[in-house]
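Structure first, commentary second.
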Amino acid sequence: MARVTLEHVTKRYEDIVAVDDMNLEIEDGEFVCLVGPSGCGKSTTMETIAGLTKPTEGTVRIGDADVTTLPPKDRGVSMVFQNIALFPHMDVYDNISFGLRLRDYDKEEIDRRVDRAADIVQLEGMLDREPNELSGGQQQRVAIARAIVREPAVFLMDEPLANLDAKLRVHMRTELQRLHKQLDTTIIYVTHDQAEAMTMSDRIAVINDGRLQQIAPPLTCYNEPANLFVAGFIGSPSMNFVNGDLANDGLRTDHYDLEFDPAAFPLEGIDEVTAGIRPEDIYLERNTESVVDPSATIEATTDVLEPMGDEIFVYLSLDGSSAEMMTSDEASTASNQLLMSVDPDETIEADQQVSIVLDRSKVHLFDAASGEAITHGVADESVHEAPTADAEGGATEVESGGQRD
Amino acid sequence: MDSLRNSLQRLDPRSGHGADEPVSREREGNRFAQLRGSDFVESIPFWLPATLLVLLFVYGAIGWNVAISFTGWSGLGQPDYTNFTLEMYRQMPADQNFRASLRNTVALLVAFTSVSLVVGLGLALLVDRKIRFENTFRTIYLLPMALSFVVTAIFWSWMYASDGLINTTLAAVGLEALAFDWLGDPRFKLAAVIFALVWQFSGYCMIVYLAGLRSIPDDHYEAARIDGASTLTLYRRVIIPQLRSSTIGATVVLMVFALKAFDFIYVMFGDNPGRSADILAVTMYRQAFSASEWAYGAAIAVVLFALALTIIGPYAYTQYKRGAL
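Chain order of the listed sequences is A and B. 1 is the number of the first residue of the first sequence in the numbering used here; add one for each residue after it. 1 is the number of the first residue of the second sequence in the numbering used here; add one for each residue after it.
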């Protein structure tokens, strides 16, 4: 086990900055996911930690040692690759033991470690098989065993489940969590799949354009995103965003108003604000009993319905326009659209007039200019203090905003 | 094949049941219509002419050559196909020229193939290191492959001449002692041929190996480096073993080229290069077309054919077993 620290790490390729002044501190035994869209620099960050890429600037520490200039083999790291990277001319035993044989371990020790690693990843009886005789999941387990066998201080995993089918991916996700619990080793895991990041990690490091956007536990990233990028990236489907102008009594957007007391939030010097609300925090008016602090009613028309089994995604149009040709991301950022998630048992149809409310305690405000989060929840303090009373009485339209004509 | 079988079954008179004539005629008409519409019949114009030509001029000629080798045909006149004998094959072991050319052929085969593979692999490894002007180097190395044996043989004859570029260069750098008569001295003749052929074919090996190297994912390099492999170990234990199929493919092609190196040696030395550089292909030509020992020339050709089969047979069988043929 070891702590991994990146101090002002920058990696430039001619005119491209792949990693930009990255500062990261990963604790002993922690499972951290580096997550972000393709090309955001997460794999380069991992390669920098592995020693496969030398940073242009900055320092990489593993434990107390500065490993910035050390070759990969001297860093005490093991890596599992996206393409599995088993050597096709070696059988499972030779693949797993490759690193140990290079280090001239004696045969007995190699056998002991290989058997233990095979036992951990449940590969007993398969040691003499060729990689092409194994299924995708078994191959991935061999790759993990090859990483385990050297008993490294840090595991690096670069999208190891990306090439597996959906069912196997979910299974391997659980296996990796079990493995982490069993080995209690620091794991740094690169993925662009936020479901993997959310379910497996102790903390998520969200990266975009080579810069660290936020590093926090998964639910913190979800509930308290540091900026617009994190808010939009974490969560599927994405958060709804709408730009609006601040007024004395709240936020005015193109199609509705959201009332709150601006003085209660650090909004000085900010003229334009982006409000964000997740699909599951929008409710049909008839279901507002459980909403802590509902907004005023907003009239909308249902457009497209996407039944997912455990929920239904409802594309709502605020001005009669259609979201049919929009992706969920486009719909969530269009000012005249809202994406709502409702219970699968809800009776709802396309092209139906509905009245909805937003849960104000779940409305996020961002500075539209910088994208930085201002507050998470715009509910009145009194509402938070007495949620029961509010739930019983319900908030009036005047108190919490209203539809714009 | 299924469509052919179906068509033939439909045409088989035994499959009829002696129905009355108008019905039978109608059925026959249907059968011909179906036959005309089958994929097999419709594809005949595309493959039959080529197949007939190959059967006649390749396999027919091979068969004819084998038949001639069993006769005692020599000089003017016609071969006697009524009295087949193994005499030509019996006299081979005692023939000093044949033994020398067989030995030289095997030496050429082994040395040319192995050196070309090693040089080609070396070039491929160098070019694969994401160097500048990679395409230029690739073209330069591959260019000799595009030249005909006649051109390269003449070119290397000039190079190897007593006052050629090689000896002139050696003299210029003070190594006159190493300036030999490369094409006249029996000690160097075959080596000179092998060197020139390696020059011509190592570019081909480079391309084959380069394709093999490019098919190895970067992850394999990175995984080996993380596991602690030095550059030498990485190539020796991880990368080169993965080039096995490239090596086998290139080896077969090079060996077949080595067996067919007739034109190169013929242009360089004529039909009698002397025992030190004689190979079976040249011996075959000399026996048949210079000495008019047609049957003996044909027998040597059969030996060459058997050698080629020995090389290609196992490769073709392995490929067939893998389903690649």
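For each residue, glycine too, the CB sits at the ideal point set by N, CA and C. Since the structure is predicted, the reported quantities are computational estimates derived from the model, not experimental observations.
Residue of the options minimising C-alpha distance to residue i
i: leucine 267 of chain A; options: A:Leu127, A:Asn23, A:Phe366, A:Val4; result: A:Phe366
i: glutamate 151 of chain A; options: A:Glu159, A:Leu164, A:Thr185; result: A:Thr185
i: aspartate 345 of chain A; options: A:Ile298, A:Asn287, A:Leu183, A:Gly244; result: A:Asn287
i: threonine 220 of chain A; options: A:Arg211, A:Asp202, A:Asp209; result: A:Asp202
i: phenylalanine 81 of chain A; options: A:Met157, A:Tyr283, A:Glu7; result: A:Met157
i: glycine 184 of chain B; options: B:Gly274, B:Met88, B:Tyr81; result: B:Gly274
i: proline 131 of chain A; options: A:Arg252, A:Leu316, A:Gln139; result: A:Gln139
i: leucine 316 of chain A; options: A:Gly309, A:Asp310, A:Glu349; result: A:Glu349
i: alanine 145 of chain A; options: A:Met79, A:Leu251, A:Asp343, A:Thr199; result: A:Met79
i: arginine 116 of chain A; options: A:Leu179, A:Ala264, A:Ile282; result: A:Leu179
i: glutamate 299 of chain A; options: A:Val357, A:Val342, A:Ala263, A:Arg75; result: A:Val357
i: alanine 166 of chain A; options: A:Arg141, A:Phe155, A:Gly137; result: A:Gly137
i: valine 142 of chain A; options: A:Leu127, A:Gly269, A:His376; result: A:Leu127
i: alanine 291 of chain B; options: B:Asp39, B:Pro45, B:Ser74; result: B:Ser74
i: valine 204 of chain B; options: B:Pro144, B:Ala171, B:Val173; result: The sequence given here has tyrosine at residue 204 of chain B, not valine. When only C-alpha atoms are compared, the closest one is B:Pro144.
i: aspartate 128 of chain B; options: B:Tyr317, B:Ile207, B:Leu232; result: B:Ile207
i: valine 66 of chain B; options: B:Pro45, B:Trp182, B:Met88, B:Phe46; result: B:Met88
Pairwise C-alpha distance: residue j and residue i
i: aspartate 359 of chain A; j: isoleucine 207 of chain A; result: 29 Å
i: glutamate 280 of chain A; j: glycine 232 of chain A; result: 14 Å
i: arginine 244 of chain B; j: leucine 190 of chain B; result: 29 Å
i: glycine 323 of chain B; j: alanine 298 of chain B; result: 35 Å
i: glycine 276 of chain A; j: leucine 228 of chain A; result: 8 Å
i: aspartate 106 of chain A; j: isoleucine 148 of chain A; result: 18 Å
i: glycine 60 of chain B; j: threonine 51 of chain B; result: 12 Å
i: alanine 205 of chain A; j: alanine 195 of chain A; result: 14 Å
i: isoleucine 216 of chain B; j: isoleucine 239 of chain B; result: 8 Å
i: glycine 210 of chain A; j: leucine 24 of chain A; result: 13 Å
i: glycine 122 of chain B; j: threonine 174 of chain A; result: 46 Å
i: alanine 179 of chain B; j: valine 9 of chain A; result: 60 Å
i: isoleucine 44 of chain A; j: tyrosine 13 of chain A; result: Checking the sequence shown, residue 44 of chain A turns out to be threonine, not isoleucine. Threonine 44 of chain A and tyrosine 13 of chain A: Cα-Cα distance of roughly 11 Å.
i: arginine 225 of chain B; j: glycine 63 of chain A; result: 21 Å
i: proline 55 of chain A; j: methionine 90 of chain A; result: 33 Å
i: leucine 339 of chain A; j: alanine 296 of chain A; result: 17 Å
i: proline 37 of chain A; j: valine 190 of chain A; result: 11 Å
i: leucine 234 of chain B; j: tyrosine 221 of chain B; result: 7 Å
i: isoleucine 374 of chain A; j: aspartate 293 of chain A; result: 19 Å
i: isoleucine 110 of chain A; j: aspartate 104 of chain A; result: 9 Å
i: threonine 68 of chain A; j: threonine 59 of chain A; result: 6 Å
i: arginine 169 of chain A; j: proline 160 of chain A; result: 9 Å
i: serine 114 of chain B; j: alanine 192 of chain B; result: 16 Å
i: isoleucine 215 of chain A; j: glutamine 200 of chain B; result: 59 Å
i: leucine 318 of chain A; j: proline 237 of chain A; result: 19 Å
i: phenylalanine 313 of chain A; j: histidine 192 of chain A; result: 23 Å
i: threonine 85 of chain B; j: alanine 295 of chain B; result: 10 Å
i: valine 378 of chain A; j: aspartate 66 of chain A; result: 45 Å
i: isoleucine 16 of chain A; j: lysine 42 of chain A; result: 14 Å
Chain B residues whose Cβ lies nearer than 8 Å to that of residue i
i: histidine 89 of chain A; result: Pro241, Gln242, Arg244
i: methionine 79 of chain A; result: Glu222, Ala223, Ile226
Environment of residue i [buried if 16+ CB atoms lie within 10 Å]
i: asparagine 240 of chain A; result: buried
i: aspartate 278 of chain B; result: buried
i: aspartate 2 of chain B; result: Bear in mind that the predicted position of aspartate 2 of chain B carries a pLDDT of just 48, short of 50, making it too unreliable to give a figure here.
i: valine 151 of chain B; result: exposed
i: alanine 258 of chain B; result: buried
i: aspartate 303 of chain A; result: buried
i: glycine 77 of chain B; result: exposed
i: tryptophan 158 of chain B; result: exposed
i: proline 93 of chain B; result: exposed
i: lysine 73 of chain A; result: buried
i: valine 118 of chain B; result: exposed
i: tryptophan 156 of chain B; result: buried
i: glutamate 42 of chain B; result: exposed
i: aspartate 257 of chain A; result: buried
Contact set between residue i and chain B, taken where Cβ atoms lie within less than 7 Å
i: glycine 99 of chain A; result: Asp227, Gly228
Partners in chain A for residue i, counting only beta-carbon separations shorter than 7 Å
i: phenylalanine 217 of chain B; result: Looking at the sequence itself, residue 217 of chain B is proline, so the reference to phenylalanine does not match. Near proline 217 of chain B (Cβ distances below 7 Å), the residues of chain A are Asn83, Ala85.
Listed by chain order, chain B residues near residue i by CB distance under 9 Å
i: lysine 73 of chain A; result: Arg225, Ile226, Asp227, Gly228, Ala229, Ser230
Proximal residues of chain A, C-beta to C-beta of residue i below 9 Å
i: valine 208 of chain B; result: In chain order: nothing, as chain A lies at least about 18 Å away.
i: valine 238 of chain B; result: Phe87, His89, Met90, Phe98
i: threonine 233 of chain B; result: Leu102
is_contact[residue i, chain C] using C-beta, thresh 8 Å
i: cysteine 40 of chain A; result: Among the protein chains in the structure shown, which are A and B, there is no chain C.
Going along the chain, which residues of the stretch 36-70 of chain A sit with their C-beta nearer than 7 Å to a C-beta in chain B?
Sequence-ordered contacts of the stretch 36-70 of chain A with chain B read Ala50, Leu52 [C-beta pairs closer than 7 Å].
Please name the residues in the stretch 100-111 of chain A whose beta-carbon is closer than 7 Å to at least one beta-carbon of chain B, in chain order.
Among the residues of the stretch 100-111 of chain A, those with a Cβ less than 7 Å away from any Cβ of chain B are Leu102, Arg103, in the order of the chain.
Determine which residues of the stretch 245-269 of chain B have a Cβ less than 7 Å from any Cβ of chain A, and write them out in chain order.
Against chain A - using a Cβ distance shorter than 7 Å - the stretch 245-269 of chain B contributes no residues.
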